[in-house]
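Scroll down for the structure; my scribbles are underneath it.
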């Protein structure tokens, strides 16, 4: 039952449309004169002999019978039916169902795939016992013959229009005349292809995003232009297998897809009437067949795209055809497309052979391989070492995959030369390949050496030579002339051509990059100094008349500093030349002095205040610019060199140390047109405030990064920032801690300095 259901669901039906012109005349009804069953080895042909072409309304399976409904047909009083020796047929019945309508019933032992072929004076129904799976698609001979006999002038196809209504999406291609079309399917991804012959597409290649009823989109373009004939191709990209309908009217072709599935027929080809010529015979399209084998069961692969049949319209025959090898539609066929060949790994091998089922137990290996060769129509030659037995159960597997499995299981390999398949152990084939390789190499080495000189324009000959050395043959030799930048190559002809192509690729101009840097150094400085100096003096002496009332001491001298005897100093500057507290500001631009004394100057107090506050801002801007080649380093240095002297063995040596801003950048141009920059920045500055043996130390700031910048874009490098904040306090021990009065015993100095370095880098590709 499962097998019957399989054949009922996936039977391949072939129908081609027969048009008798525009409009129908009752006098043109066809008469069936005779029905004959012609048995064959693998099929049975039912032949309907008529006086004109038959019009087929539809065909389908009903129980164990193939039903053909015919329109515009006349039946004779008794149409002779001959079924002798019919291999698959148990009976044939022809009955009238209406005015000029008839029903042909072909009873079969079991459901089998069949093909309907319509000709001018006969119609053939071919019942196939074995149907092969999808193979390489080719134009059927009958279609080719039809086109050759009726080439016709090229017709023009207008823009493809589509609309959705009543659960159906309909595509309409308007043609200026009649022509022939053919339909097939492609897999991976699933597509339905409609080729319209002798048709020129007037519009540019177009894509219609449909996304309806399992249909993704439709592509239309001129697939072929007069080579040998024009072909317009329509490709329907499908999400899943869909039933479709292909028909024609007086304006052109109509392709429909339906929301509801109806697995009645599969459509694949149609003939569009050419006006006003008489109707030619319809082309016949056959389903390929295979030979029947006694030891294996061969099954047909299911159809990829089932279709909905047309019931009683336009009298056409349609066929389903699967063609995984057929070329798909490519937009813009005028441009030649070239692709590098892809080497498939063992896991990526794609099998395209016919579907086959193999069931063997202890069968001779050679017999099984011979059967596969006969199935694939290949001649087979065995190595004497090939032997073994096969036990397998492979169901619905491509024949070439089955062969590979059997060969790998027995450590065998294959070599295909034309239509001859040679089977041998892998070790034998490997040894032969090695011998062939050695033979080719020996032939190459035996050839004459040809000397050629190639002058390089953009690359250095020495650099290129190192790349070519590994590519030359054993007899080959490569030398260079540095003076003229020339390569001198001696090698065999085949390898010399390879080296020349490689040199052409290598000797190309290196792109250049212009690097513009904008360096901004900002400086801000703030200094505040506060200082105090004060001194005092007190004298009790008979000289001034203010001696003490004591016998001892009767004379007292108190001063804020050691005073040499005999020295008397007056005025601001310190009593007797000194200060009790001497804490002036380190640097000052403002000073105030106070002196307090009595008239005899026997008591005196001097105070001296100094202060300084400065603030400054500075900005240094420079814009260096440099150009370098791709992947070559560019360097910018800005600053000064400081001499440093060293003494060794009574010899004074002077060397210079860089105290400068250094910028190094290496550009790399990407395929997208952006630039990858490796940037290294070092900012060295001399610190003259902290000399060591008269030599200033070097303070260093550095940054290194890699960034990607668009052509003409700018990147900013900042953060090279230095802040100096120093506070200095000079004070008298203990006394400076006295609240409020402690300020008289200390001085204050503060220095704050900020430095920031910003670098803007803009690379541009020189074109």
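Residue numbers (the working numbering): 3 to 769. Note that the Cβ used here is the ideal one computed from N, Cα and C, for glycine as well. The model shown is predicted, which means the values in this text are computed figures rather than measured ones.
Contacting residues, own chain, Cβ-Cβ under 7 angstroms from residue i (five flanking each side not counted)
| i | result |
| --- | --- |
| residue 370 | 362, 392, 408 |
| residue 512 | 460, 631, 632 |
| residue 341 | For residue 341, the pLDDT reaches just 39, beneath the cut-off of 50, and the residue's location in the model is therefore unreliable, although a value from the coordinates is still provided. Nothing meets the Cβ criterion. |
| residue 587 | 531, 532, 533, 612, 613, 614, 749, 751 |
| residue 486 | 457 |
| residue 624 | 521, 640 |
| residue 589 | 531, 614 |
Buried versus exposed call for residue i [16 or more other C-beta atoms within 10 Å across all chains shown]
| i | result |
| --- | --- |
| residue 642 | exposed |
| residue 239 | buried |
| residue 201 | buried |
| residue 772 | Since the first and last residues shown for the chain are 3 and 769, residue 772 lies out of range. |
| residue 356 | buried |
| residue 600 | exposed |
| residue 465 | exposed |
| residue 118 | buried |
| residue 610 | buried |
| residue 694 | exposed |
| residue 737 | exposed |
| residue 499 | exposed |
| residue 489 | buried |
| residue 469 | exposed |
| residue 765 | buried |
Short Cβ contact (8 angstroms threshold) for residue i with residue j
| i | j | result |
| --- | --- | --- |
| residue 161 | residue 205 | yes |
| residue 616 | residue 534 | no |
| residue 75 | residue 32 | yes |
| residue 360 | residue 429 | no |
| residue 480 | residue 763 | no |
| residue 103 | residue 67 | no |
| residue 197 | residue 208 | no |
| residue 686 | residue 702 | yes |
| residue 382 | residue 423 | yes |
| residue 681 | residue 655 | no |
| residue 222 | residue 199 | no |
| residue 699 | residue 713 | no |
| residue 374 | residue 421 | no |
| residue 767 | residue 515 | yes |
Residue from the options with nearest C-alpha to residue i
| i | options | result |
| --- | --- | --- |
| residue 605 | 546, 653, 627 | 546 |
| residue 536 | 657, 593, 634 | 593 |
| residue 389 | 372, 401, 378, 399 | 372 |
| residue 525 | 493, 212, 610, 755 | 755 |
| residue 426 | 659, 637, 222, 413 | 413 |
| residue 717 | 752, 709, 353 | 709 |
| residue 538 | 657, 93, 549, 559 | 559 |
| residue 502 | 164, 602, 454 | 454 |
| residue 639 | 258, 599, 628 | 628 |
| residue 726 | 591, 736, 527, 707 | 527 |
| residue 644 | 679, 696, 626 | 696 |
| residue 659 | 668, 647, 651 | 647 |
| residue 64 | 510, 105, 58 | 105 |
| residue 237 | 210, 254, 100 | 210 |
| residue 247 | 96, 704, 194, 679 | 194 |
| residue 1 | 753, 757, 735 | What the structure shows of the chain is the stretch from 3 to 769, and residue 1 is not part of that stretch, so it cannot be assessed. |
| residue 124 | 657, 54, 549, 444 | 54 |
| residue 477 | 553, 252, 494, 551 | 494 |
| residue 397 | 415, 387, 358, 416 | 358 |
| residue 49 | 635, 34, 163 | 34 |
Check: residue i C-beta below 7 angstroms from any heavy atom of the ligand GDP
| i | result |
| --- | --- |
| residue 123 | Here there are no bound small molecules, and the ligand GDP is not part of this structure. |
Cβ shell of residue i (< 8 angstroms), same chain only, five flanking positions each side left out
| i | result |
| --- | --- |
| residue 166 | 172, 214 |
Same chain, Cβ closer than 6 angstroms to residue i, five either side skipped, listed in chain order
| i | result |
| --- | --- |
| residue 732 | 585, 749 |
| residue 760 | 522, 720 |
| residue 36 | 51, 82 |
| residue 769 | none |
| residue 724 | 757 |
Chain C within 8 angstroms of residue i, Cβ atoms only
| i | result |
| --- | --- |
| residue 356 | Among the protein chains of the structure shown there is no chain C, as only one such chain exists. |
Quick check for students: name the residue ranges of the beta strand (DSSP E) that lie wholly in the segment 397-423, counting only runs of 3 or more.
414-419
Complete beta strand (DSSP E) runs within the segment 461-524 (minimum length 3 residues, chain order):
479-483, 488-493
Uninterrupted beta strand (DSSP E) stretches inside the segment 661-720 (no shorter than 3 residues):
677-688, 700-711
Alpha helix (DSSP H) runs wholly inside the segment 353-382, at least 4 long, in chain order
367-377
Please give the ranges of any beta strand (DSSP E) in the segment 42-85, keeping only runs that are unbroken, at least 3 residues long and fully inside the region.
Considered as a whole, the segment 42-85 harbours 45-52, 57-63, 67-73, 75-77 as its complete beta strand (DSSP E) runs of no fewer than 3 residues, in chain order.
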